[in-house]
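Numbering of the sequence shown is given in this note's numbering, commencing with residue 730 and proceeding in unit increments.
Ideal placement from N, C-alpha and C gives every residue a C-beta, glycine not left out.
Down below is the structure, laid out as C-alpha cells.
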Amino acid sequence: MPRPATLPPIDWKAVSDSGLDYAAWLKAAESAEQRDQLEAQRRGLALEPTVAAFLAALPRPVHVVAIAEDWCGDVVRHVPVLQRMAEASPALTVRYISREQHPEVFVRFLTNGGEAIPKFIFLSDGFVECGNWGPMPETCRELIARGKACGDVATARKKVAARYDLDTTRREVVTELLRLIDIAASQEP
C-alpha cells in the first residue's frame, strides 16, 4: 500500500516571528472602515471574569499564529475575540500573517478544500502545533457543510448570520478558543 505524502515541517517560531502584533497588523489594514469595525468589536467585548482569570493564570506560554486579513467578515467577527483574550493573558502571544505571506502554511489549513479565514494555529511554548481553529465556530462550519451538501449554501449562510446575531458576547468562540489555549498550555497529558 502506498504511503501518504509527508509534508515538510514548518518552522513555527520563524513563522510566528515574521508575523505582526495586533497594533501593527491593524495599522496595515487595507480598509479604514474594517479597521474601525475590528476596533469597535474588540473594545465592546468583555470577557467573563472566570475566562479572564483562567487566561491570567496560564501555566505556560501559548503562541498563536493567526492567518487573517481585514477585508473578511469572519476576521472582523473573530479576531477581536482572540485579541481580547491575548490582552487578558501575559502568557498568550498572537502574531498575524496573511495567506500570501506564508502560502505553505495556509495550504495546510483549508476548510473542506477551500480557502477560508481566519485560521488560528495554537502552539505550545516550544512552538509545537497543538491545534487550530477557524474560520468560524464548529456549529457554523457544520451549517455551511450541510448547505453545500444539499446545494443551498445561501440558506446556510443566513442561518450562520442568525447564530452570530444571537451570540453577541461571542461565547461560542470564546469556549472553543479556550479549549485550544488550554491544550497548548498543558503541563501533562
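Continuous alpha helix (DSSP H) stretch holding G880: start and end:
Numbered from its first residue, the sequence shown carries residue 880 at position 151. Careful: G880 lies outside any alpha helix (DSSP H) and carries neither H nor E.
What is the rounded straight-line gap between the Cα of A752 and the Cα of E901?
Position 23 of the sequence shown, counting from 1, holds the residue named residue 752. Position 172 of the sequence shown, counting from 1, holds the residue named residue 901. When rounded, the distance between both Cα atoms is 25 Å.
Distance, R892 Cα to K848 Cα
The sequence position of residue 848 within the sequence shown is 119, counting from 1. The sequence position of residue 892 within the sequence shown is 163, counting from 1. Looking at the two C-alpha atoms, the distance is approximately 20 Å.
In this structure, how does DSSP classify G773 when only helix, strand and coil are distinguished?
Locating residue 773 in the sequence shown gives position 44, counting from the first residue. G773 falls in the helix class under three-state DSSP.
Expressed to the nearest angstrom, what Euclidean distance is found between the alpha-carbon atoms of I873 and D803?
By 1-based counting over the sequence shown, the position of residue 873 is 144. By 1-based counting over the sequence shown, the position of residue 803 is 74. When only Cα atoms are considered, I873 and D803 end up about 13 Å apart.
Just the C-alpha distance for G842 and V780, rounded to the nearest angstrom, thanks.
Position 113 of the sequence shown, counted from the first residue, corresponds to residue 842. Position 51 of the sequence shown, counted from the first residue, corresponds to residue 780. Cα-Cα distance, rounded: 33 Å.
Measure the CB-CB distance between G876 and A885 and report whether it falls below 9 Å.
As a first step, residue 876 must be located in the sequence shown, where it is residue number 147. As a first step, residue 885 must be located in the sequence shown, where it is residue number 156. Yes, the pair counts as a contact, with Cβ atoms nearer than the cut-off.
On the premise that E798 lies in contact with R828, defined as a C-beta separation below 8 Å, what is that separation, rounded to the nearest angstrom?
Position 99 of the sequence shown, counting from 1, holds the residue named residue 828. Position 69 of the sequence shown, counting from 1, holds the residue named residue 798. Their Cβ separation, rounded to whole angstroms, is 7 Å, which keeps R828 and E798 in contact under 8 Å.
Going by the CB atoms, is the gap between L776 and L784 shorter than 9 Å?
As a working mapping, residue 784 is identified with position 55 in the sequence shown. As a working mapping, residue 776 is identified with position 47 in the sequence shown. Against a cut-off of 9 Å, the Cβ pair of L776 and L784 comes out as a contact.
Under the three-state DSSP convention, the category L821 falls into
In the sequence shown, residue 821 corresponds to position 92, counting from 1. The answer is strand: DSSP assigns L821 an E or B state.
The alpha helix (DSSP H) that contains I910, what's its start and end?
For this step, residue 910 is matched to residue 181 along the sequence shown. Counting along the chain, the alpha helix (DSSP H) containing I910 begins and ends at 900-913.
Straight-line gap, S760 to A782 (C-alpha atoms, nearest Å)
The sequence position of residue 760 within the sequence shown is 31, counting from 1. The sequence position of residue 782 within the sequence shown is 53, counting from 1. Spanning the two alpha carbons is a distance of roughly 34 Å.
Between S747 and I826, which are expected to be in contact by the criterion C-beta below 8 Å, what is the C-beta distance as a whole number of angstroms?
Numbered from 1 along the sequence shown, position 18 holds the residue referred to as residue 747. Numbered from 1 along the sequence shown, position 97 holds the residue referred to as residue 826. S747 to I826, Cβ: 7 Å. Contact.
Could you tell me the boundaries of the beta strand (DSSP E) in which A757 lies?
For the purposes of this step, residue 757 is taken as residue 28 along the sequence shown, with counting starting at 1. First-last for A757: undefined, no H or E at that position.
What does a CB cutoff of less than 7 Å around R764 pick up in its chain, not counting 5 residues either side in sequence?
Here the question's residue 764 lines up with position 35 in the sequence shown. Within the same chain, R764 has close Cβ partners L755, A758, D799.
What are the boundary residues of the alpha helix (DSSP H) that H807 is part of?
As a position in the sequence shown, residue 807 is number 78, starting the count at 1. Annotation: the continuous alpha helix (DSSP H) that includes H807 extends over 802-816.
contact_flag[the segment 906-913, the segment 852-859] where n(CB pairs < 8 Å) is 3 or more:
For the pair of segments examined, the segment 906-913 was found to touch the segment 852-859: the number of CB pairs separated by less than 8 Å reaches three.
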